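Chains as they are written, first to last, in the working numbering: chain A, 1 to 418; chain B, 1001 to 1418.
To start, the structure under review is shown below, and the notes come after it.
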């Protein structure tokens, strides 16, 4: 009896494992390679932008080109991340393959000319469109295609940030607010690991972040935990404010500029004006690296000098960029805004700067994307296990306070927050 | 509009947070203290057993005492962990308060006389019965009582192993196979943190485990990952075999000894015979610490010398102990059996001994309890973040291969594994 049950479980799961390895392996390797190409291009574009500061003045024009190309050739690709989440919830026509080159080029162009945007939207869309194209090629059933699409999201997310386990959980968690279901567990895990591995194999290195505070002989300190909780409440409300503002700004821009081509002109001019008024270019682009050693960057927010308002400026630059038709993700800016907000709160709460920056990094994203578990794992993958309790409190409390909307409008509510 | 929504979310969630802090704080502190008392007693009992080896010969009698007391005074408390899971799925009469002292004393007695059992069942039952008693005292609604009961499980689990985040996720994950729902997120997180913190405040220190393999500049190695996957498949099947054998042995014992008081006599005599035949006492008790420096212990399995069959003996001792009416959890023995199996597989697969022992530690538990996410977090909390991808693969693949049953019979199937 027992040997038969063992054999049955072994046979069924080995078949499943082999099937997913064969199905997902090649597509995840393709996605990982696409992400490597994307990250490499992004790096080149950012360096070019620093070498040629005048590129910024062409930002309005670059935006017009992006919006025109999307309008002319994009079709449903303009739906972006929301289209992918929709197709997972209710498999339909799939995600068009053209989404992959379009989003890759549009994001690189956005960054080349100085738009403030991210990477995860691009990676998720690369993953989703390649996975969906593969499903059509292999004539997979709707049910299988759905799992492959989730795996594509996991591969893209895992590869672009170098955090495979967070990527796998992200793909399971992002669909519905308040629930993780394990139906696509193996496909997502395989995809994220293969995607990340492939991206590394192309020589891509990810930024590393270090939190020195309390690293040795660490145990929870009640007082610090209270400060972390207070910061998490603010991060949660900031996540809510960010997604609502982003959606409202998009609606406002559509009302102000009925013609789509006018919107990036407005956005580009606003960004140029912001740069002139503030006298800094630190909030353009990805914000992870700068040619100027004195600039505000994401890794720099883990150290002094104290910068109390960086989060506000980065949020402003990002909302203007994303609401006016430029392309890229919301997540790297959210990392930046979150780390800057954590950094600012460290000063107010008298808490370690590096720890609070790290908690803001993942906490704001957890709040805005409603993915606390993926963000907890991401925090662990990026900052190490020593701060696990603080990371989890930051992500889960921020999630609790961010309301029922978020940056992904296609998300459904499975378990309400109160 | 936005300020009003921010205020509404802030007010609602602050109310929830305060409510749970006030409700859960005291009960979690009580549970943490009970766990501290339990761990302290367990340590004393283990030391006493080493000082007085003859205690083993009283094991049959001790078992009779446990079974008699449970039969006379236990009532529904004999339902153990399954009663708690049932009461969370379908709140009814609650968990009787007497479960707490009964399980504490019975587990310590089991360990004092040399039974091979664990701690988590005891911690979960301490948590569940104290939480349920508290709900009745405060006249909480059935819905609230349910959440407090889950929080009690989180507090007990988090405190007894010193892994609060794994404890919180365990309480959410253990109820249904294949699904995590966030309804009790804040209560479980608060409870696990307070429980762990209180247990530490009493001076309890947890065993620490170290995996040195590939600690610096770590990145996934394809070949090692393949070995880990192969080991995880075996861990998954071993988890299935362990829970099925445990249930079958229980049924067999009930058939052989219709009178409940005879069962621990049989079990005790079998354990004494096993000790005589094998000529070792290493598989008695918890297995975490030994007065004999040459003994097989759980931390010792992370190092040479190579012991290819320890897992089998520990499994045998544990099944005999738990199937014949002795008390304690299945989980610490599962840690031991898993670490020993990983250790054995490291030799076969030519993989690092410490890494494979660590993966077996959490992987077998993930398989037998169907809680891969909690076990991944536990692995990270115990062994550090450097091995996150291997830990996750071990837990999730082992989970996939362990079938739809497990050590907790009250678990429901939310998402089937194939």
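Where a beta carbon is used, it is the ideal one built from N, C-alpha and C, also for glycine.
Bear in mind the structure is a predicted one, so any value in this text is a computation, not a measurement.
Residues that residue 1010 of chain B contacts on chain A, provided the C-beta gap is smaller than 8 Å: 233, 237 and 401
Residue-chain proximity (residue 1392 of chain B, chain A), Cβ-Cβ < 8 Å: Chain A, which has a Cβ nearer than 8 Å to the Cβ of residue 1392 of chain B, makes this yes.
Take every Cβ of the stretch 289-307 of chain A, pair it with every Cβ of the stretch 78-87 of chain A, and state whether three or more of those distances are shorter than 8 Å. no
Check each candidate in A:357, A:284, A:234 and A:135 and name the one with the smallest Cα separation from residue 303 of chain A. With distances taken between Cα atoms, residue 303 of chain A lies closest to A:357.
Which chain A residues are close to residue 1183 of chain B, counting only those with a beta carbon under 8 Å from its beta carbon? 178 and 415
Given a threshold of 16 other Cβ atoms within 10 Å of its Cβ, counted over all protein chains shown, does residue 1155 of chain B qualify as buried or as exposed? buried
For the stretch 13-42 of chain A, which residues have a CB atom closer than 9 Å to at least one CB atom of chain B, in sequence order? 13, 14, 15, 16 and 17
Can you tell me the Cα-Cα spacing of residue 1389 of chain B and residue 386 of chain A, whole angstroms? 17 Å
Neighbour-count burial assignment, residue 1350 of chain B, 16 or more Cβ in a 10 Å radius: Taking every protein chain shown into account, the CB of residue 1350 of chain B has fewer than 16 other CB atoms within 10 angstroms, so this residue is exposed.
Residue 252 of chain A - DSSP class collapsed to helix/strand/coil: helix
Would DSSP call residue 221 of chain A helix, strand or coil? Here residue 221 of chain A sits in coil by DSSP.
Looking only at DSSP bridge pairs, what is residue 1413 of chain B linked to? B:1177
Can you tell me which of the three DSSP states residue 129 of chain A falls into? In the structure shown, residue 129 of chain A sits in a helix (DSSP, three-state: H, G or I).
Per-residue burial, residue 205 of chain A [other beta carbons within 10 Å of its own, 16 or more giving buried]: exposed
Can you find at least 3 beta carbon pairs, one from the stretch 188-201 of chain A and one from the stretch 152-166 of chain A, that sit closer than 8 Å? yes
Start and end residues, alpha helix (DSSP H) containing residue 356 of chain A: 353-369
Counting only runs that start and end within the stretch 18-70 of chain A, where is the alpha helix (DSSP H) found for 4 or more residues in a row? 59-69
To the nearest angstrom, how far is the alpha carbon of residue 410 of chain A from that of residue 1363 of chain B? 35 Å
Can you tell which of B:1360, B:1189, B:1331 and B:1238 has its C-alpha closest to the C-alpha of residue 1339 of chain B? B:1360
For the structure I just gave you, are there three or more beta carbon pairs, one from the stretch 126-145 of chain A and one from the stretch 309-329 of chain A, closer than 8 Å? no
DSSP on residue 143 of chain A, reduced to helix/strand/coil? helix
Work out the CA separation of residue 267 of chain A and residue 260 of chain A for me, nearest whole Å. About 12 Å.
Minimum Cβ-Cβ distance from residue 1384 of chain B to chain A less than 8 Å: Yes, residue 1384 of chain B lies at the interface with chain A (some Cβ there is under 8 Å from its Cβ).
Please classify residue 1060 of chain B as buried or exposed, where buried requires at least 16 other C-beta atoms within 10 Å of its C-beta. buried
Spatial neighbours of residue 1402 of chain B in its chain, beta-carbon cut-off 6 Å, leaving aside the 5 residues before and after: 1236, 1239, 1240 and 1367
Taking just the CA atoms, how far does residue 1286 of chain B sit from residue 1277 of chain B? 20 Å
Can you tell me whether residue 1098 of chain B is helix, strand or coil according to DSSP? coil
When you compare the CB positions of residue 49 of chain A and residue 55 of chain A, do they come within less than 8 Å of one another, or not? yes
How should residue 208 of chain A be labelled, buried or exposed, when 16 other C-beta atoms within 10 angstroms of its C-beta is the threshold for buried? With fewer than 16 Cβ atoms within 10 Å of its Cβ, residue 208 of chain A is classed as exposed.
Which of helix, strand or coil DSSP assigns to residue 1006 of chain B: helix
Option in A:228, A:2, A:404 and A:182 with minimal Cα separation from residue 1416 of chain B: Of A:228, A:2, A:404 and A:182, the smallest CA-CA separation from residue 1416 of chain B is found for A:182.
Kindly list, in the order they appear in chain A, the residues whose Cβ is closer than 8 Å to that of residue 1005 of chain B. 240, 244 and 403
Start-to-end residues for the alpha helix (DSSP H) that takes in residue 314 of chain A: The continuous alpha helix (DSSP H) containing residue 314 of chain A extends over residues 310-323.
Residue 396 of chain A at chain E interface by Cβ criterion, 8 Å: Absent from the structure is chain E; the protein chains it does hold are A and B.
Which value, in whole angstroms, describes the spacing of the CA atoms of residue 421 of chain A and residue 1365 of chain B? Summary: the structure shown does not reach residue 421 of chain A, with chain A confined to residues 1 through 418, and so no result is reported for it.
To the nearest angstrom, how far is it from the Cα of residue 1382 of chain B to the Cα of residue 101 of chain A? 43 Å
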